[in-house]
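In mature numbering (1 follows the signal peptide of the UniProt record, and there is no 0), the protein residues as written are -17 to -1, 1 to 263. Yeah, the Cβ is synthetic: ideal placement off N, Cα and C, and Gly gets one too. To start, the structure itself, in structure tokens.
Structural data, given as structure tokens:
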């Protein structure tokens, strides 16, 4: 059985000579977060044509997987993570509940105020309330206006930013940082089964919107399109195959097309989505 198995070590920081945003449209970021090695057709190419992921066991010696540390039973995360206490549920599965920040409650923020954020934090650092006569700096990105202290996600970047008076339109530190995506913490099940990441953003393929797994695909159509690459899906390796599927995610019905454009995993995009919410 041919499978894709990731090693425990995760890439904690990117090389100074590499900027994931340059190739964010191809979906390279997930591989760098997993510690895979890029392979280029030509040394001068800005983006990789495929990645080589280290072979080995997906679990650490204690029997569990986590992105920043081995997890024996429970472990807490740092302040910049949106995950709570991680627990080892199975041999290769770690579950890390997502923190429920107070600002998720619509009644949390008083009228006339907004939630402020720190670039290294997850939840809001508190309310920012301005008097009617006091102006604040505004960051204009992708046609939207963000007040100083507000968090935003540039559409053509794999970064999260916080508006600051010194922000000049460039997504650089200390105003922006790369998304962590919590890949290993939240998606250890999908990774261990060689599922395909699905992206919804058309411009930057950063954190997967959902995953397409062999055992959860209700409708699967395959056709030959020679991309000159080989990708793995579940226990099978295929060349020149495109997956077209329809899946349901929460209250959405998604049409998905997966292409072997950046091995070893298929790269899937949402081509159409529609709400299936029905009023009672």
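Helix, strand or coil at residue i [DSSP, three-state]
| i | result |
| --- | --- |
| residue 97 | strand |
| residue 86 | helix |
| residue 123 | strand |
| residue 62 | Only weak support exists for where residue 62 lies, its pLDDT of 40 falling under 50; the value from the coordinates is given anyway. Residue state, collapsed to three classes: coil. |
| residue 258 | strand |
| residue 102 | coil |
| residue 8 | helix |
| residue 129 | strand |
| residue 15 | helix |
| residue 248 | strand |
Residue i versus the options, residue with shortest Cα-Cα distance
| i | options | result |
| --- | --- | --- |
| residue 161 | 145, 22, 151 | 145 |
| residue 14 | 29, 33, 24, 23 | 33 |
| residue 166 | 176, 154, 190 | 190 |
| residue 175 | 94, 106, 248 | 248 |
| residue 22 | 153, 252, 230, 35 | 35 |
| residue 110 | 31, 225, 86, 128 | 86 |
| residue 37 | 24, 19, 31 | 19 |
| residue 121 | 114, 112, 158, 150 | 150 |
According to DSSP, residues forming a beta bridge with residue i
| i | result |
| --- | --- |
| residue 179 | 195 |
| residue 21 | 34 |
| residue 239 | 228, 253 |
| residue 221 | 214 |
| residue 145 | 134 |
| residue 117 | Answer by DSSP bridge pairing: none, since residue 117 is not bridged. |
| residue 111 | 97 |
| residue 161 | 142 |
Inset, instruction - Report yes or no: do the region 7 to 14 and the region 135 to 148 share at least 3 C-beta pairs separated by less than 8 Å? - result: yes
Inset, instruction - Answer yes if the region 241 to 260 comes into contact with the region 164 to 181, meaning at least three C-beta pairs across the two stretches below 8 Å, and no otherwise. - result: yes
Inset, instruction - State whether the region 144 to 159 contacts the region 126 to 133, with contact taken as three or more CB pairs (one from each stretch) at a distance under 8 Å. - result: Short answer: they touch.
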